[in-house]
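Undergrad:
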Amino acid sequence: MNDALVLCEGKLGTTAGKTARGLVRYSRKYRILGVIDSTNAGRDAGEVVDGIRRGIPVFSSLSEALERCPSKPEYLIIGVATVGGLLPNEFRPTIREALENGISVISGLHEYLAEEKEFLEIAKRTGTSIVDIRKEPPLPQLHKYRNLASVIQAVKIPVLGTDAAIGKRTTAIEITEGLNRIGVKTEFIATGQTGLLQGARYGVPLDAIQGDYMVGELEHAIYQAWLNEKPDVIIVEGQGSLTHPVYVCGTRAIISATKPDAIIIQHAPGRKFRTYDPELKLPMPDLHKEIALYEAYANAPVIGLGINHEGLSIDEVKDVCRKLEAVFGIPAVDVFLEGSERLVRAIVDRFPFLKK
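Okay, structure coming up:
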(Lines of atoms letter the chains of each structure in order from A and count residues from 1; the text may use other names and numbers.)
(Lines give C-alpha, C1' and ligand atoms only; values in the text may rest on other atoms or scores of the structure.)
Protein backbone atom coordinates (compact mmCIF):
# COMPACT_ATOMS: atom_id res chain seq x y z
CA MET A 1 0.00 0.00 0.00
CA ASN A 2 1.07 3.58 -0.66
CA ASP A 3 1.48 5.93 2.30
CA ALA A 4 -0.89 8.90 2.34
CA LEU A 5 -2.11 11.84 4.37
CA VAL A 6 -5.69 13.05 4.18
CA LEU A 7 -6.48 16.77 4.06
CA CYS A 8 -9.78 17.48 5.82
CA GLU A 9 -9.30 20.92 7.37
CA GLY A 10 -12.25 21.83 9.57
CA LYS A 11 -14.41 19.00 8.22
CA LEU A 12 -13.35 15.76 9.93
CA GLY A 13 -16.36 14.16 11.58
CA THR A 14 -18.87 16.07 9.42
CA THR A 15 -20.89 14.91 6.41
CA ALA A 16 -18.65 17.06 4.19
CA GLY A 17 -15.67 15.04 5.42
CA LYS A 18 -17.08 11.71 4.29
CA THR A 19 -14.09 10.87 2.08
CA ALA A 20 -11.75 11.25 5.05
CA ARG A 21 -14.19 9.34 7.22
CA GLY A 22 -14.28 6.45 4.75
CA LEU A 23 -10.49 6.28 4.47
CA VAL A 24 -10.06 6.36 8.25
CA ARG A 25 -12.47 3.46 8.63
CA TYR A 26 -11.38 1.32 5.71
CA SER A 27 -8.62 1.51 3.11
CA ARG A 28 -7.15 -1.27 0.99
CA LYS A 29 -5.23 0.99 -1.36
CA TYR A 30 -3.49 3.50 0.93
CA ARG A 31 -1.92 3.32 4.36
CA ILE A 32 -3.34 6.40 6.05
CA LEU A 33 -0.56 7.98 8.12
CA GLY A 34 -2.72 10.78 9.45
CA VAL A 35 -5.36 13.41 8.82
CA ILE A 36 -4.77 17.17 8.64
CA ASP A 37 -7.44 19.16 10.48
CA SER A 38 -6.33 21.87 12.89
CA THR A 39 -9.75 21.90 14.61
CA ASN A 40 -9.21 18.31 15.80
CA ALA A 41 -5.40 18.28 16.12
CA GLY A 42 -4.00 15.92 18.74
CA ARG A 43 -6.92 13.51 18.60
CA ASP A 44 -7.22 10.06 17.07
CA ALA A 45 -9.02 10.32 13.72
CA GLY A 46 -11.10 7.25 14.47
CA GLU A 47 -12.40 8.77 17.68
CA VAL A 48 -13.43 11.92 15.81
CA VAL A 49 -15.16 9.92 13.08
CA ASP A 50 -17.06 7.34 15.12
CA GLY A 51 -15.57 7.06 18.60
CA ILE A 52 -13.29 4.12 17.77
CA ARG A 53 -9.51 4.56 18.13
CA ARG A 54 -7.67 3.50 15.00
CA GLY A 55 -4.16 4.77 15.64
CA ILE A 56 -4.44 7.45 12.96
CA PRO A 57 -3.34 10.83 14.36
CA VAL A 58 -4.87 14.18 13.46
CA PHE A 59 -2.28 16.86 12.71
CA SER A 60 -2.64 20.63 12.78
CA SER A 61 -0.70 21.14 9.55
CA LEU A 62 1.27 19.41 6.84
CA SER A 63 4.53 20.54 8.40
CA GLU A 64 3.61 18.90 11.71
CA ALA A 65 2.61 15.73 9.86
CA LEU A 66 5.94 15.57 8.03
CA GLU A 67 7.79 16.00 11.32
CA ARG A 68 5.86 13.27 13.14
CA CYS A 69 5.03 10.66 10.49
CA PRO A 70 7.22 7.53 10.58
CA SER A 71 7.70 7.78 6.80
CA LYS A 72 7.22 10.44 4.17
CA PRO A 73 3.78 10.19 2.56
CA GLU A 74 3.65 9.66 -1.18
CA TYR A 75 0.22 11.23 -1.52
CA LEU A 76 -2.02 13.92 -0.07
CA ILE A 77 -5.66 12.92 -0.55
CA ILE A 78 -8.36 15.59 -0.52
CA GLY A 79 -10.71 14.26 2.15
CA VAL A 80 -13.86 16.29 1.56
CA ALA A 81 -16.91 15.93 -0.67
CA THR A 82 -18.28 19.46 -0.82
CA VAL A 83 -21.59 20.67 -2.21
CA GLY A 84 -20.90 21.16 -5.91
CA GLY A 85 -17.53 19.41 -5.62
CA LEU A 86 -15.55 22.66 -5.27
CA LEU A 87 -12.17 22.90 -3.56
CA PRO A 88 -12.29 24.92 -0.32
CA ASN A 89 -9.97 27.92 -0.69
CA GLU A 90 -8.35 27.19 2.67
CA PHE A 91 -7.01 23.91 1.24
CA ARG A 92 -4.90 25.61 -1.43
CA PRO A 93 -1.85 26.55 0.69
CA THR A 94 -1.53 22.97 1.98
CA ILE A 95 -1.81 21.55 -1.53
CA ARG A 96 0.93 23.89 -2.74
CA GLU A 97 3.08 22.94 0.26
CA ALA A 98 2.58 19.23 -0.44
CA LEU A 99 3.61 19.57 -4.07
CA GLU A 100 6.65 21.64 -3.07
CA ASN A 101 7.64 18.80 -0.72
CA GLY A 102 7.43 16.19 -3.46
CA ILE A 103 4.06 14.80 -2.38
CA SER A 104 1.56 14.01 -5.13
CA VAL A 105 -2.09 15.03 -4.75
CA ILE A 106 -5.23 12.97 -5.33
CA SER A 107 -8.64 14.61 -5.51
CA GLY A 108 -12.18 13.34 -5.88
CA LEU A 109 -13.75 16.75 -6.41
CA HIS A 110 -15.58 18.01 -9.49
CA GLU A 111 -13.12 20.92 -9.61
CA TYR A 112 -10.13 19.41 -11.41
CA LEU A 113 -6.90 20.33 -9.63
CA ALA A 114 -4.74 19.03 -12.48
CA GLU A 115 -6.13 21.80 -14.66
CA GLU A 116 -5.21 24.62 -12.27
CA LYS A 117 -2.13 26.54 -13.32
CA GLU A 118 -0.92 27.30 -9.77
CA PHE A 119 -0.73 23.59 -8.94
CA LEU A 120 0.37 22.36 -12.35
CA GLU A 121 3.46 24.57 -12.43
CA ILE A 122 4.67 23.27 -9.06
CA ALA A 123 3.95 19.66 -10.02
CA LYS A 124 5.99 19.95 -13.21
CA ARG A 125 8.89 21.51 -11.35
CA THR A 126 8.91 18.96 -8.51
CA GLY A 127 8.09 15.86 -10.56
CA THR A 128 4.88 15.18 -8.64
CA SER A 129 1.49 14.23 -10.02
CA ILE A 130 -2.03 15.57 -9.56
CA VAL A 131 -4.72 12.94 -10.05
CA ASP A 132 -8.40 13.81 -10.41
CA ILE A 133 -10.30 10.53 -9.99
CA ARG A 134 -13.82 11.97 -10.29
CA LYS A 135 -13.46 12.30 -14.01
CA GLU A 136 -15.15 10.46 -16.85
CA PRO A 137 -13.12 8.63 -19.50
CA PRO A 138 -12.78 10.15 -22.98
CA LEU A 139 -16.02 9.95 -24.97
CA PRO A 140 -14.89 7.09 -27.28
CA GLN A 141 -14.18 4.94 -24.20
CA LEU A 142 -17.60 5.37 -22.59
CA HIS A 143 -20.01 2.43 -22.65
CA LYS A 144 -23.61 2.52 -23.80
CA TYR A 145 -26.39 0.63 -22.05
CA ARG A 146 -26.64 -2.97 -23.29
CA ASN A 147 -29.02 -4.61 -20.78
CA LEU A 148 -26.15 -6.72 -19.44
CA ALA A 149 -27.75 -7.20 -16.02
CA SER A 150 -30.09 -9.76 -17.56
CA VAL A 151 -27.19 -12.12 -18.35
CA ILE A 152 -25.33 -11.77 -15.04
CA GLN A 153 -25.78 -14.96 -13.02
CA ALA A 154 -25.25 -13.48 -9.58
CA VAL A 155 -27.54 -12.01 -6.94
CA LYS A 156 -27.46 -8.24 -7.39
CA ILE A 157 -28.18 -6.08 -4.34
CA PRO A 158 -27.71 -2.31 -4.21
CA VAL A 159 -27.51 -0.56 -0.85
CA LEU A 160 -29.70 2.48 -1.48
CA GLY A 161 -30.82 5.14 0.97
CA THR A 162 -33.15 7.87 2.16
CA ASP A 163 -30.50 10.61 1.90
CA ALA A 164 -26.98 11.41 0.75
CA ALA A 165 -23.96 10.88 3.03
CA ILE A 166 -25.91 8.45 5.18
CA GLY A 167 -23.64 5.39 5.30
CA LYS A 168 -24.62 3.40 2.21
CA ARG A 169 -21.02 2.69 1.18
CA THR A 170 -19.97 1.58 4.66
CA THR A 171 -22.93 -0.76 5.06
CA ALA A 172 -22.30 -2.14 1.56
CA ILE A 173 -18.65 -2.87 2.37
CA GLU A 174 -19.57 -4.50 5.69
CA ILE A 175 -22.15 -6.72 3.98
CA THR A 176 -19.61 -7.64 1.29
CA GLU A 177 -17.04 -8.66 3.88
CA GLY A 178 -19.65 -10.48 5.95
CA LEU A 179 -20.79 -12.57 3.00
CA ASN A 180 -17.22 -13.41 2.02
CA ARG A 181 -16.49 -14.51 5.60
CA ILE A 182 -19.17 -17.20 5.41
CA GLY A 183 -17.98 -18.44 2.03
CA VAL A 184 -20.41 -16.59 -0.24
CA LYS A 185 -18.17 -15.04 -2.88
CA THR A 186 -19.16 -11.39 -3.11
CA GLU A 187 -17.87 -8.39 -5.05
CA PHE A 188 -18.37 -4.73 -4.11
CA ILE A 189 -19.01 -2.15 -6.83
CA ALA A 190 -18.09 1.45 -5.97
CA THR A 191 -20.13 4.27 -7.47
CA GLY A 192 -18.34 7.24 -5.89
CA GLN A 193 -14.88 8.65 -5.40
CA THR A 194 -14.48 7.47 -1.80
CA GLY A 195 -15.13 3.82 -2.63
CA LEU A 196 -12.61 4.01 -5.45
CA LEU A 197 -10.04 5.63 -3.15
CA GLN A 198 -10.64 2.91 -0.58
CA GLY A 199 -9.51 0.37 -3.14
CA ALA A 200 -12.63 -1.06 -4.79
CA ARG A 201 -11.59 -3.26 -7.69
CA TYR A 202 -14.63 -2.32 -9.76
CA GLY A 203 -16.66 0.85 -10.04
CA VAL A 204 -17.15 4.26 -11.60
CA PRO A 205 -17.36 7.84 -10.26
CA LEU A 206 -21.00 7.89 -11.28
CA ASP A 207 -21.79 11.59 -10.85
CA ALA A 208 -18.88 12.50 -13.12
CA ILE A 209 -20.37 10.59 -16.06
CA GLN A 210 -22.61 12.46 -18.50
CA GLY A 211 -26.23 11.38 -18.42
CA ASP A 212 -26.36 9.38 -21.65
CA TYR A 213 -23.64 7.04 -20.37
CA MET A 214 -24.26 6.78 -16.60
CA VAL A 215 -26.19 3.54 -16.76
CA GLY A 216 -23.96 2.02 -19.43
CA GLU A 217 -20.73 2.78 -17.55
CA LEU A 218 -22.01 1.30 -14.29
CA GLU A 219 -23.54 -1.68 -16.07
CA HIS A 220 -20.16 -2.33 -17.71
CA ALA A 221 -18.36 -2.23 -14.33
CA ILE A 222 -20.87 -4.66 -12.81
CA TYR A 223 -20.58 -6.97 -15.82
CA GLN A 224 -16.77 -6.91 -15.70
CA ALA A 225 -16.86 -7.81 -12.00
CA TRP A 226 -19.08 -10.79 -12.75
CA LEU A 227 -17.11 -11.84 -15.84
CA ASN A 228 -13.71 -11.69 -14.12
CA GLU A 229 -14.52 -12.78 -10.56
CA LYS A 230 -17.64 -14.97 -10.96
CA PRO A 231 -19.09 -13.90 -7.60
CA ASP A 232 -22.26 -15.36 -6.09
CA VAL A 233 -23.40 -11.91 -4.99
CA ILE A 234 -22.71 -8.39 -6.27
CA ILE A 235 -23.22 -5.54 -3.79
CA VAL A 236 -23.55 -2.11 -5.39
CA GLU A 237 -22.91 1.12 -3.49
CA GLY A 238 -25.86 3.52 -3.60
CA GLN A 239 -25.76 7.25 -4.25
CA GLY A 240 -28.09 9.97 -3.02
CA SER A 241 -31.74 9.04 -2.75
CA LEU A 242 -34.63 8.38 -5.10
CA THR A 243 -36.53 11.35 -3.62
CA HIS A 244 -33.63 13.72 -2.93
CA PRO A 245 -34.30 16.91 -4.93
CA VAL A 246 -30.62 17.19 -5.94
CA TYR A 247 -28.90 13.81 -5.62
CA VAL A 248 -31.42 11.68 -7.51
CA CYS A 249 -29.78 10.83 -10.86
CA GLY A 250 -27.26 8.38 -9.41
CA THR A 251 -29.93 6.37 -7.62
CA ARG A 252 -32.00 5.89 -10.75
CA ALA A 253 -28.92 4.95 -12.77
CA ILE A 254 -27.91 2.38 -10.15
CA ILE A 255 -31.33 0.75 -10.21
CA SER A 256 -31.38 0.68 -14.02
CA ALA A 257 -27.85 -0.73 -14.29
CA THR A 258 -28.26 -3.28 -11.50
CA LYS A 259 -31.80 -4.58 -12.05
CA PRO A 260 -31.82 -5.58 -8.38
CA ASP A 261 -32.85 -8.94 -7.03
CA ALA A 262 -33.25 -7.32 -3.60
CA ILE A 263 -32.49 -4.00 -1.90
CA ILE A 264 -31.00 -2.85 1.39
CA ILE A 265 -32.12 0.64 2.47
CA GLN A 266 -29.87 2.86 4.59
CA HIS A 267 -31.69 5.30 6.90
CA ALA A 268 -30.80 7.80 9.64
CA PRO A 269 -33.74 7.96 12.08
CA GLY A 270 -32.15 10.82 14.05
CA ARG A 271 -31.57 13.05 11.02
CA LYS A 272 -34.13 15.84 10.55
CA PHE A 273 -32.98 17.41 7.30
CA ARG A 274 -31.47 16.08 4.11
CA THR A 275 -27.80 16.55 3.31
CA TYR A 276 -27.44 19.66 1.17
CA ASP A 277 -27.62 23.40 1.82
CA PRO A 278 -28.53 23.65 5.55
CA GLU A 279 -30.40 26.90 4.97
CA LEU A 280 -32.95 25.10 2.78
CA LYS A 281 -33.85 22.66 5.59
CA LEU A 282 -35.07 19.94 3.25
CA PRO A 283 -36.96 17.46 5.48
CA MET A 284 -36.06 13.79 5.60
CA PRO A 285 -38.62 11.55 3.85
CA ASP A 286 -41.09 9.18 5.44
CA LEU A 287 -39.47 5.73 5.58
CA HIS A 288 -42.72 3.87 4.80
CA LYS A 289 -43.21 5.85 1.60
CA GLU A 290 -39.55 5.56 0.67
CA ILE A 291 -39.54 1.77 0.94
CA ALA A 292 -42.75 1.52 -1.08
CA LEU A 293 -41.31 3.79 -3.76
CA TYR A 294 -38.06 1.84 -4.03
CA GLU A 295 -39.87 -1.48 -4.27
CA ALA A 296 -42.22 -0.17 -6.95
CA TYR A 297 -39.51 1.54 -8.99
CA ALA A 298 -36.97 -1.29 -8.82
CA ASN A 299 -39.48 -4.16 -8.83
CA ALA A 300 -37.48 -5.77 -6.04
CA PRO A 301 -38.08 -6.28 -2.31
CA VAL A 302 -36.39 -4.34 0.47
CA ILE A 303 -35.02 -7.12 2.69
CA GLY A 304 -33.10 -5.14 5.29
CA LEU A 305 -32.44 -1.72 6.76
CA GLY A 306 -29.02 -0.28 7.50
CA ILE A 307 -29.25 2.24 10.33
CA ASN A 308 -27.06 5.32 10.75
CA HIS A 309 -26.80 6.20 14.46
CA GLU A 310 -26.21 9.92 13.84
CA GLY A 311 -27.69 12.00 16.66
CA LEU A 312 -28.76 8.97 18.72
CA SER A 313 -27.41 7.29 21.83
CA ILE A 314 -26.64 3.58 21.76
CA ASP A 315 -29.82 2.82 23.70
CA GLU A 316 -31.86 4.99 21.33
CA VAL A 317 -30.41 3.19 18.30
CA LYS A 318 -31.27 -0.21 19.75
CA ASP A 319 -34.80 0.96 20.55
CA VAL A 320 -35.29 2.41 17.06
CA CYS A 321 -34.04 -0.80 15.45
CA ARG A 322 -36.48 -2.90 17.50
CA LYS A 323 -39.38 -0.65 16.52
CA LEU A 324 -38.47 -0.64 12.82
CA GLU A 325 -38.18 -4.42 12.80
CA ALA A 326 -41.61 -4.73 14.41
CA VAL A 327 -43.14 -2.42 11.79
CA PHE A 328 -41.46 -3.72 8.63
CA GLY A 329 -40.65 -7.32 9.54
CA ILE A 330 -37.07 -7.06 8.26
CA PRO A 331 -33.77 -6.63 10.16
CA ALA A 332 -32.75 -3.07 11.04
CA VAL A 333 -29.02 -3.03 11.73
CA ASP A 334 -26.40 -0.48 12.69
CA VAL A 335 -23.32 -2.27 11.38
CA PHE A 336 -21.06 -0.31 13.73
CA LEU A 337 -22.91 -1.49 16.80
CA GLU A 338 -23.51 -5.12 15.89
CA GLY A 339 -21.78 -5.93 12.61
CA SER A 340 -23.41 -7.04 9.38
CA GLU A 341 -24.33 -10.62 10.35
CA ARG A 342 -28.11 -10.14 10.46
CA LEU A 343 -28.15 -8.38 7.09
CA VAL A 344 -25.99 -11.17 5.68
CA ARG A 345 -28.43 -13.72 7.10
CA ALA A 346 -31.35 -11.86 5.51
CA ILE A 347 -29.65 -12.14 2.11
CA VAL A 348 -28.86 -15.85 2.50
CA ASP A 349 -32.38 -16.58 3.77
CA ARG A 350 -33.87 -14.75 0.79
CA PHE A 351 -31.65 -16.64 -1.64
CA PRO A 352 -31.19 -20.08 0.00
CA PHE A 353 -29.16 -21.43 -2.94
CA LEU A 354 -26.29 -19.30 -1.56
CA LYS A 355 -26.02 -21.66 1.42
CA LYS A 356 -23.16 -24.07 0.97
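The numbers in numbering that gives the first Met the number 0 rise by one with no breaks, and the one at position 227 of the sequence shown is 226. Here a beta-carbon is modelled for each residue, glycine too, at the ideal position from N, C-alpha and C. Every value quoted in this text rests on a predicted model; they were computed, and no experiment measured them.
In angstroms, rounded to a whole number, what distance separates the CA positions of residue 31 and residue 5?
TA: Looking at the two C-alpha atoms, the distance is approximately 7 Å.
Undergrad: For the beta strand (DSSP E) containing residue 243, list its first residue and its last residue.
TA: That residue, residue 243, is in no beta strand (DSSP E); it is neither H nor E in DSSP.
Undergrad: How about residue 0 and residue 25: are their beta carbons less than 8 Å apart?
TA: No, these two residues do not count as a Cβ contact at 8 Å.
Undergrad: How many angstroms separate the CA atom of residue 14 from the CA atom of residue 210?
TA: Approximately 26 Å between the Cα atoms of the pair.
Undergrad: Within 10 Å of its beta-carbon, does residue 145 have 16 or more other beta-carbons around it, so buried, or fewer, so exposed?
TA: Looking at its Cβ environment, which holds fewer than 16 other Cβ atoms inside 10 Å, residue 145 is exposed.
Undergrad: Could you say if the stretch 139-158 and the stretch 70-82 meet the contact criterion of at least three C-beta pairs nearer than 8 Å?
TA: As far as the Cβ criterion goes, the stretch 139-158 does not touch the stretch 70-82, which means the pair count is below three.
Undergrad: Suppose you measure from the CA of residue 244 to the CA of residue 124; what does that come to, to the nearest Å?
TA: Roughly 44 Å between the two C-alpha positions.
Undergrad: Quick one: grab the DSSP three-state call for residue 161.
TA: In the structure shown, residue 161 sits in coil (DSSP, three-state: anything other than H, G, I, E or B).
Undergrad: If residue 189 and residue 202 are in contact, beta carbons under 8 Å, what's the gap, nearest whole angstrom?
TA: Going by Cβ atoms, the distance from residue 189 to residue 202 rounds to 3 Å, so yes, they are a contact pair.
Undergrad: In terms of residue numbering, what span does the alpha helix (DSSP H) encompassing residue 219 cover?
TA: Run containing residue 219: 213-228, per the alpha helix (DSSP H) assignment.
Undergrad: Which same chain residues, not among the five before or five after residue 307, have their C-beta less than 6 Å away from its C-beta?
TA: Excluding sequence neighbours, residue 307 sits near 165, 166, 267.
Undergrad: Looking only at C-alpha atoms, which of 197, 295, 171 sits nearest to residue 238?
TA: The shortest Cα separation from residue 238 among 197, 295, 171 belongs to 171.
Undergrad: DSSP three-state call for residue 55: helix, strand or coil?
TA: Correct three-state label for residue 55: coil.
Undergrad: Whole angstroms are fine: how far does the CA of residue 221 sit from the CA of residue 230?
TA: Using only the alpha carbons, I get a separation of about 11 Å.
Undergrad: Rounded to a whole number of angstroms, what is the C-alpha to C-alpha distance between residue 251 and residue 66?
TA: Spanning the two alpha carbons is a distance of roughly 47 Å.
Undergrad: Sorted by chain position, which residues of the same chain lie with C-beta nearer than 6 Å to residue 225's C-beta, five sequence neighbours on each side aside?
TA: Cβ within range, chain order: 151, 153.
Undergrad: Which residues share a DSSP beta bridge with residue 154?
TA: Paired residues: 232.
Undergrad: The alpha helix (DSSP H) spanning residue 340 covers which residue range?
TA: Segment 340-349, the alpha helix (DSSP H) holding residue 340.
Undergrad: Nearest to residue 351 by alpha carbon, out of 183, 80, 22, 131?
TA: It is 183.
Undergrad: For residue 285, is the classification buried or exposed, using 16 other Cβ atoms within 10 angstroms of its Cβ as the cut-off for buried?
TA: Flag for residue 285 reads exposed.
Undergrad: Between residue 56 and residue 43, what straight-line distance do the alpha-carbon atoms span, to the nearest angstrom?
TA: So the two alpha carbons sit approximately 5 Å from each other.
Undergrad: When you compare the stretch 114-121 with the stretch 136-145, are there three or more beta-carbon pairs, one atom per stretch, that lie closer than 8 Å?
TA: These segments do not touch.
Undergrad: Any chance you could list the beta strand (DSSP E) runs of at least 3 consecutive residues sitting entirely within the stretch 112-152, in chain order?
TA: DSSP runs (the beta strand (DSSP E)) wholly in the stretch 112-152: 129-131.
Undergrad: Rounded to whole angstroms, what's the CA-CA distance from residue 303 to residue 2? Just pull it up for me.
TA: If I take the Cα positions, the gap works out to 36 Å.
Undergrad: Please confirm whether residue 218 and residue 261 have their CB atoms less than 8 Å apart.
TA: No, these two residues do not count as a Cβ contact at 8 Å.
Undergrad: Alpha helix (DSSP H) containing residue 45: first to last residue?
TA: Residues 44-49.
Undergrad: Can the beta-carbon of residue 328 be found less than 8 Å from the beta-carbon of residue 269?
TA: Result no, Cβ atoms of residue 328 and residue 269 do not sit closer than 8 Å.
Undergrad: By alpha-carbon positions, which one of 174, 100, 63 ends up nearest to residue 337?
TA: Considering only alpha carbons, the answer is 174.
Undergrad: Can you tell me whether residue 74 is helix, strand or coil according to DSSP?
TA: Strand at residue 74.
Undergrad: I need the straight-line Cα distance from residue 110 to residue 86, nearest angstrom please.
TA: Those two C-alpha atoms are separated by around 6 Å.
Undergrad: List the residues that DSSP assigns as beta-bridge partners of residue 333.
TA: The partner list for residue 333 (beta bridge, DSSP) is empty, contrary to what the question assumes.
Undergrad: Return yes when the Cβ of residue 132 is within less than 8 Å of the Cβ of residue 192, no when it is not.
TA: A contact, by the Cβ cut-off of 8 Å.
Undergrad: Among 8, 134, 292, 100, which one has its Cα closest to the Cα of residue 106?
TA: For the residues 8, 134, 292, 100, the minimum Cα distance to residue 106 belongs to 134.
Undergrad: In the DSSP assignment, find the alpha helix (DSSP H) that holds residue 326 and state where it starts and stops.
TA: Its alpha helix (DSSP H) spans residues 313-327.
Undergrad: Taking all protein chains shown into account, decide if residue 139 is buried (16 or more other Cβ within 10 angstroms of its Cβ) or exposed.
TA: Under this definition residue 139 is an exposed residue.
Undergrad: How about residue 259 and residue 299: do their beta carbons lie closer than 8 Å?
TA: Closer than 8 Å, so yes.
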